[in-house]
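Undergrad:
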Amino acid sequence: KMANNDIQFSAMFDVGSAANVERAMEMSAEYINPDTDDRGFAIQRQGDYDSGSTALWIWADECGDVESVAQFVADVGKALDLTGMWGMTWAETCSRPRINEFGGGAVAVNLTTGRISYMNARGWLDHELSKRPKRKRAA
């Protein structure tokens, strides 16, 4: 039986003002892949314009594209002169209990510089498991 592998995430991105929310929503259209008509993430304003909401909800419940989200956030940060850091975690899931089909990670974006850093659970685990235990010296 076939298994479904998904990348899932859900995070808030505060862009500082309702006007910035509008600009970020406009920018998000630039990330739509013309071949798939998808940007790899969903995006929605939190609240309505009149409420003065300054946040965007970014999520994926199936085939999320973490790299696309990170680049979008970095580009918005630069375009809107945002400062500070933003980050999210993601999950790699499988509909069947298959070995090495689960994982996840985290991404951090420096909004000032646009620098993007990733941590992947599988890479971290492989690195840790590759370390050789130190031998005990005979007394």
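Its first residue numbered 6, the sequence shown is counted upward by one per residue in my numbering.
Glycine included, every Cβ here is placed at the ideal spot set by N, Cα and C.
Note that this is a predicted model, so its numbers are computed, not measured.
1) Shortest alpha-carbon distance to Ser22 belongs to which of Asp86, Ala79 and Asp11?
2) Going by DSSP, what residues sit across from Ser15 in a beta bridge?
3) Can you list the alpha helix (DSSP H) stretches of 4 or more residues lying completely in the segment 63–144, in chain order?
4) So what's Ala47 in DSSP terms, helix, strand or just coil?
5) Taking the alpha helix (DSSP H) that Met30 belongs to, which residues open and close that run?
6) Alpha carbon to alpha carbon, how far is Glu31 from Arg120?
7) If you compare alpha carbons, which of Val112, Glu133, Gly108 and Met17 is closest to Ala75?
8) Count the other C-beta atoms from every protein chain shown that fall within 10 angstroms of the C-beta of Met93, then say buried if there are 16 or more, exposed otherwise.
9) With distance defined between alpha-carbon atoms, name the residue in Asp80, Asn25 and Ala65 nearest to Asn10.
10) Who are the Cβ neighbours of Ser58 in its own chain at under 7 angstroms, not counting the five residues just before and after it?
11) When you compare the CB positions of Trp95 and Ile12, do they come within less than 9 angstroms of one another, or not?
12) In or out: Ile63 buried (at least 16 other Cβ within 10 Å) or exposed?
13) Please look up how many angstroms separate the CB atoms of Ala60 and Phe18, rounded, as I've assumed it's under 8 angstroms.
TA: Looking at the atomic coordinates:
1) As a working note, residue 22 is residue 17 in the sequence shown. Comparing Cα-Cα distances from Ser22 to each of Asp86, Ala79 and Asp11, the minimum goes to Asp86.
2) Position 10 of the sequence shown, counted from the start, is the residue given in the question as residue 15. Answer by DSSP bridge pairing, in chain order: Trp64.
3) 71–84 and 126–135
4) For the purposes of this step, residue 47 is taken as residue 42 along the sequence shown, with counting starting at 1. DSSP places Ala47 within a strand segment (E or B) once states are collapsed to three.
5) For this step, residue 30 is matched to residue 25 along the sequence shown. Note, Met30: alpha helix (DSSP H), Ala23 to Ser33.
6) Translated into positions along the sequence shown, residue 31 becomes position 26. Translated into positions along the sequence shown, residue 120 becomes position 115. Cα to Cα, the separation comes out at about 22 angstroms.
7) The residue you call residue 75 lines up with position 70 of the sequence shown. The option with the nearest alpha carbon to Ala75 is Val112.
8) Taking the first residue of the sequence shown as position 1, residue 93 is located at position 88. Classification of Met93: buried, given that the 10 Å Cβ count is 16 or more.
9) By 1-based counting over the sequence shown, the position of residue 10 is 5. Measuring from the Cα of Asn10, the nearest candidate turns out to be Ala65.
10) As a working note, residue 58 is residue 53 in the sequence shown. Counting only Cβ-Cβ distances below 7 angstroms, and skipping sequence neighbours, we find Ala23, Val26, Arg50, Gln51 and Gly52.
11) Counted from its first residue, the sequence shown places residue 95 at position 90. Counted from its first residue, the sequence shown places residue 12 at position 7. Contact flag set, yes.
12) Position 58 of the sequence shown holds residue 63. Buried is the call here.
13) As a first step, residue 60 must be located in the sequence shown, where it is residue number 55. As a first step, residue 18 must be located in the sequence shown, where it is residue number 13. That pair is a contact at about 7 angstroms.
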